[in-house]
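**Student:** Per this note's numbering, residue -2 is the first one in the sequence shown, and the count goes up by one each step.
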Amino acid sequence: MRKSILSISQGQRLSDIYTIETNTILCKTLTGLGATYSEIKAKRHSIIIELNQPPIVGKCKDPKHKKDNLFGVMQKVTVDDVIAYLEDTIANGKLIKILCTPESFYKVKQAFEYLELDMYTMCFMLLDECHKLVKDSDYREDITLPIDDFFHFDGKAMVSATPIIPSDPRFEKQGFILVEVRPDYDYTKAMNIVHTNNVLEALKVTLPQIQQVQEEPRSICFFINSTDMILQLMNKLNIIEDSVVFCSTKSVDKLKRSGFNRAYDNWNNKHKKLYMFFTSRFYSALDIELDEKPDVVFVTEPYFAEYTMIDPCTDAVQAIGRFRGGVSTIHHIVNTNESYPVRTKSGIVEYLKASREAYMTVKRIYDCATSLETRNAFKAALDVLPFNRMLKNGKIDYFAIDNYMDEALVKSSYNNIDLLMSLYGKTSHFRAEISDSLFYPLGDKERLTLENKNTSIKESRKKLVEILESLKNDMDSPIVQTHIRELRRLDPFIVEAYETVGKEVIEINNYSPKKIKEAMILKRYREKTTGVEFVQLLKNSFQVGKCYTLKYIKAELVRLYKMLDISPKDTVTAQTIREFFQVEECKHKGQKALRLIESLI
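(1) Rank S410, T19, S409, E404 by C-alpha distance to the C-alpha of F148 and give the top, closest one.
(2) With distances taken between CB atoms, is the gap from F275 to F243 smaller than 8 Å?
(3) Would the beta-carbon of L684 fall within 8 Å of that of F531?
(4) Determine the closest residue to A552 out of V569, S410, T33, M273, with distance taken between C-alpha atoms.
(5) Can you grab the Cα-Cα spacing for the pair E213 / V293, in whole Å?
(6) Taking the C-alpha atoms as reference points, what is the distance between F109 and Y363?
(7) Check whether the Cβ atoms of P163 and F490 lie closer than 8 Å to each other.
(8) What whole-angstrom Cβ distance do F539 and L593 have, given they're in contact under 8 Å?
(9) Is it the case that the Cβ atoms of L318 and A158 are separated by a distance below 8 Å?
(10) Confirm, please, whether the CB-CB distance from D239 to P261 is below 8 Å.
(11) Since I189 and S564 are thought to touch, with beta carbons under 8 Å apart, how far apart are those beta carbons, to the nearest angstrom?
(12) V294 by DSSP, collapsed to three states: which one?
(13) For E198, count neighbouring Cβ atoms within 10 angstroms of its own Cβ and tell me buried if that reaches 16, exposed if not.
(14) Hey, out of G152, K389, A351, K267, whose CA is closest to R137's CA?
(15) Measure the CB-CB distance between R278 and S245 and report whether it falls below 8 Å.
(16) For S409 versus P299, is the C-beta spacing smaller than 8 Å?
(17) Using 8 Å as the threshold, is the C-beta distance between T297 and H328 below it?
(18) In its own chain, which residues sit with a C-beta less than 6 Å from the C-beta of E404, not counting the 5 before and 5 after it?
(19) Short check: CB of Y184 to CB of L27, under 8 Å?
(20) Could you check the C-alpha separation between K25 and I53 for me, to the nearest Å?
(21) Cβ of V314 within 8 Å of Cβ of H192?
(22) According to DSSP, C127 sits in a beta bridge with which residue or residues?
(23) Could you please give the first and the last residue of the uninterrupted alpha helix (DSSP H) stretch that includes Y401?
(24) Out of T98, D135, V241, I45, which one is the CA nearest neighbour of F150?
(25) In this structure, what does DSSP give as the bridge partners for N332?
(26) Taking the C-alpha atoms as reference points, what is the distance between E496 and F301?
(27) Let me know the secondary structure DSSP gives G55 once reduced to three states.
(28) Look at the Cβ atom of L204, then the Cβ atom of L234, and state whether they are nearer than 8 Å.
(29) Return the first residue and the last residue of the alpha helix (DSSP H) that N373 is part of.
(30) By alpha-carbon positions, which one of Y549, G587, I37 ends up nearest to Q572?
(31) How would you call S336, buried or exposed, if buried means at least 16 neighbouring beta carbons within 10 angstroms?
(32) Go through its chain and collect everything with a Cβ distance to I345's Cβ below 6 Å, but skip five positions before and after it.
(33) Using only the alpha-carbon positions, how far apart do F436 and N373 sit?
(34) Look at the alpha carbon of T371 and the alpha carbon of K360, and state the distance between them as a whole number of angstroms.
(35) Using only the alpha-carbon positions, how far apart do I93 and T75 sit?
(36) Once DSSP output is grouped into helix, strand and coil, what is the label at N265?
Below you can see the structure in the form of structure tokens.
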């Protein structure tokens, strides 16, 4: 794709140097340059596709656009609502300025058709934050719904600070140009990378450090694409009362069901808290206006949730760009996962080519099948082939292919910290440096293994005992005590067993709960019955050389056990005294008795 370069100086807006032209992909490089603003103000009818609702809500409420006739088309807006807006706009000689989500675009299309208006020649279509068409197409199937219509518009463009150049051949066929805005000043920002194997413990260290350098208390904004992890971290960091979460409507409902009520699906300054958590829904297009420059913390824990991985070249840039007043510091707390395959772009292209060939081979056999049963068999085979995910309505979905490529390369970079730093090096937005490496005996990987319900109890307990054994020389350390509390939460029995009888006894008993319990009971019994207090009481009640009736011996032993809260390993009888003394049978006052010959304790 042919490229055109535009230079921009500090303080300039996009409208100062450029008017968005048709058949362009605009790489504005910097967020907040006013690309959407310039289209709203442009003297032409516009349909602007915003890929999430928050920016539509924000722009429609923005006083700057009070006179711009904006109309947001989202979930609850009907086709009749759009028709009424278009009729009023045309009757009053105003410009059409529709902001619409991809999923609601059909309402706009139907409204134009109902009024017999040709939107393709009448309106300019702008696809905002176009990188999301690639990034989100795997879990938002309808995000690309307007694409086929997009190519029918006479006037059309795509824009993002971080575009991913699409492979769809229609862009080349229609002569699209990449227009890149290049600042003539240094716009890079420092990024502190904290590499860890335990995100929670790393946050316990990093958060106080961030707050310590704040001249005055200010907000800390977390970007974590998992509400489950957010809830867990808020609780374990003990900051839940000072926190707020901004996420999707479904996630708001989920958090409220969990008892957390300060969750919202749209940004509003009145909900501001000391700790603010954002999911990927708020990575792009939204304007967050604050009276301070917050500290920003990205959190990636690929063992807990693969989708917490952020792409330094898109996600990180876009998230930082939400803060129109700037940020104070940027941090990325990250765990890496060595089980992720390391792949190359050429290798992925080769894989996709082979996948397509495999699909087409089976498809040809399916097309030639002579019976219904045979066709059904090959149809079932087609449905599970990898390339089936790259098709939409029987045609190649190039955005699905681009998504697969992008996702595979980002995932590869989280195999190890060197690959991640290399990816950070490919973006011109950050000066990334590893500011700390925090590694702990109990990492996220180990915790995941212990919590994995598909792992047998025995295997899980073997791993847990190995971890406990690795911690035994640092038992007085506060961090080790924290680990042990976590392990005790996961499996209280085996932790108690380890503390009571140790690794060797557990292994000798082959991790059998029954045998281990017996060993624990015997160990505790022996510890108590050889203790100074018990020995003194026993020798006070029984003296070597004397003869005691069986009835007295049993009653006295029961009394002593009860006094010291000792659980005997067997039922107490007079013969139990043989554990403590060498005896011989005798008679005492005509009753059966035992004479104590020698002390064994």
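Backbone N, C-alpha and C define an ideal beta-carbon position, used for all residues, glycine too.
**Tutor:** According to the structure shown:
(1) Numbered from 1 along the sequence shown, position 151 holds the residue referred to as residue 148. If we check each option's Cα against that of F148, T19 comes out closest.
(2) Numbered from its first residue, the sequence shown carries residue 275 at position 278. Numbered from its first residue, the sequence shown carries residue 243 at position 246. F275 places its beta carbon less than 8 Å from that of F243.
(3) Any question about residue 684 goes unanswered here, given that the chain covers just -2 to 598.
(4) Sequence index remark: in the sequence shown, residue 552 carries index 555 (1-based). Residue V569 is the option with its Cα nearest to A552.
(5) Numbered from its first residue, the sequence shown carries residue 213 at position 216. Numbered from its first residue, the sequence shown carries residue 293 at position 296. About 16 Å.
(6) Your numbering for residue 109 matches position 112 in the sequence shown. Your numbering for residue 363 matches position 366 in the sequence shown. In a straight line, the C-alpha of F109 is about 41 Å away from that of Y363.
(7) For the purposes of this step, residue 163 is identified with residue 166 of the sequence shown, where counting begins at 1. For the purposes of this step, residue 490 is identified with residue 493 of the sequence shown, where counting begins at 1. Their beta carbons are not under 8 Å apart, which means P163 does not touch F490 by this criterion.
(8) As a first step, residue 539 is located in the sequence shown; it is residue number 542 there, counting from the start. As a first step, residue 593 is located in the sequence shown; it is residue number 596 there, counting from the start. With 8 Å as the limit, F539 and L593 qualify as a contact, their Cβ atoms being about 6 Å apart.
(9) Indexing the sequence shown from 1 puts residue 318 at position 321. Indexing the sequence shown from 1 puts residue 158 at position 161. Looking at the sequence provided, one finds Gly at residue 318 rather than Leu. Going by C-beta atoms, G318 is nearer than 8 Å to A158.
(10) As a position in the sequence shown, residue 261 is number 264, starting the count at 1. As a position in the sequence shown, residue 239 is number 242, starting the count at 1. One point to set straight first is that residue 261 is Tyr, not Pro, in the sequence displayed. No, the Cβ-Cβ distance between Y261 and D239 is not below 8 Å.
(11) Here residue 189 refers to the residue found at position 192 of the sequence shown. Here residue 564 refers to the residue found at position 567 of the sequence shown. Correcting the residue type first, residue 189 is Asn in the shown sequence and not Ile. Not confirmed; about 55 Å, so no contact.
(12) For the purposes of this step, residue 294 is identified with residue 297 of the sequence shown, where counting begins at 1. The answer is strand: DSSP assigns V294 an E or B state.
(13) Within the sequence shown, the letter at position 201 stands for residue 198. The residue is buried, with at least 16 neighbouring Cβ atoms inside 10 Å.
(14) Here residue 137 is taken as the residue at index 140 of the sequence shown, counted from 1. Relative to R137, the option among G152, K389, A351, K267 whose CA is nearest is K389.
(15) Taking the first residue of the sequence shown as 1, we reach residue 278 at position 281. Taking the first residue of the sequence shown as 1, we reach residue 245 at position 248. One thing to note: R278 has its Cβ within 8 Å of the Cβ of S245.
(16) Numbered from its first residue, the sequence shown carries residue 409 at position 412. Numbered from its first residue, the sequence shown carries residue 299 at position 302. It is not a contact, given that the beta carbons lie outside the stated cut-off.
(17) On the sequence shown, position 300 is the one that residue 297 refers to. On the sequence shown, position 331 is the one that residue 328 refers to. Not in contact: T297 and H328 (Cβ atoms no closer than 8 Å).
(18) The residue labelled residue 404 in the question sits at position 407 within the sequence shown. For E404, there are no CB contacts under 6 Å within the same chain when 5 residues up- and downstream are skipped.
(19) In the sequence shown, counting from the first residue as 1, residue 184 sits at position 187. In the sequence shown, counting from the first residue as 1, residue 27 sits at position 30. In this structure, L27 lies closer than 8 Å to Y184 by Cβ.
(20) Here residue 25 is taken as the residue at index 28 of the sequence shown, counted from 1. Here residue 53 is taken as the residue at index 56 of the sequence shown, counted from 1. K25 and I53: Cα-Cα distance of roughly 20 Å.
(21) Translated into the one-based positions of the sequence shown, residue 314 becomes position 317. Translated into the one-based positions of the sequence shown, residue 192 becomes position 195. Taking 8 Å as the Cβ cut-off, V314 and H192 do not qualify as a contacting pair.
(22) Mapped onto the sequence shown, residue 127 falls at position 130. Bridge pairing for C127: absent [DSSP].
(23) On the sequence shown, residue 401 is found 404 positions in, with the first residue counted as 1. Unbroken alpha helix (DSSP H) run through Y401: 395 to 410.
(24) Translated into positions along the sequence shown, residue 150 becomes position 153. Taking only the C-alpha atoms, the option nearest F150 is I45.
(25) Sequence index remark: in the sequence shown, residue 332 carries index 335 (1-based). N332 is not bridged to any residue.
(26) Position 499 of the sequence shown, counting from 1, holds the residue named residue 496. Position 304 of the sequence shown, counting from 1, holds the residue named residue 301. Each residue's alpha carbon lies about 29 Å from the other.
(27) For the purposes of this step, residue 55 is taken as the residue at position 58 of the sequence shown. Three-state DSSP puts G55 in a helix.
(28) Taking the sequence shown and counting its residues from 1, one reaches residue 204 at position 207. Taking the sequence shown and counting its residues from 1, one reaches residue 234 at position 237. L234 is positioned such that its CB atom lies closer than 8 Å to that of L204.
(29) Working through the sequence shown from its first residue, we reach residue 373 at position 376. Per DSSP, the continuous alpha helix (DSSP H) segment holding N373 begins and ends at 369 to 381.
(30) For the purposes of this step, residue 572 is taken as the residue at position 575 of the sequence shown. Per the Cα distances, Y549.
(31) If you number the sequence shown from 1, residue 336 lands on position 339. Exposed, by the Cβ-count rule.
(32) Within the sequence shown, residue 345 is the residue found at index 348, counting from 1. M402, A405, listed in sequence order.
(33) Stepping through the sequence shown from its first residue, residue 436 is reached at position 439. Stepping through the sequence shown from its first residue, residue 373 is reached at position 376. C-alpha separation (whole angstroms): 53 Å.
(34) The sequence position of residue 371 within the sequence shown is 374, counting from 1. The sequence position of residue 360 within the sequence shown is 363, counting from 1. C-alpha separation (whole angstroms): 12 Å.
(35) Position 96 of the sequence shown, counted from the first residue, corresponds to residue 93. Position 78 of the sequence shown, counted from the first residue, corresponds to residue 75. So the alpha carbons of these two residues sit roughly 17 Å apart.
(36) Taking the sequence shown and counting its residues from 1, one reaches residue 265 at position 268. Three-state result, N265: coil.
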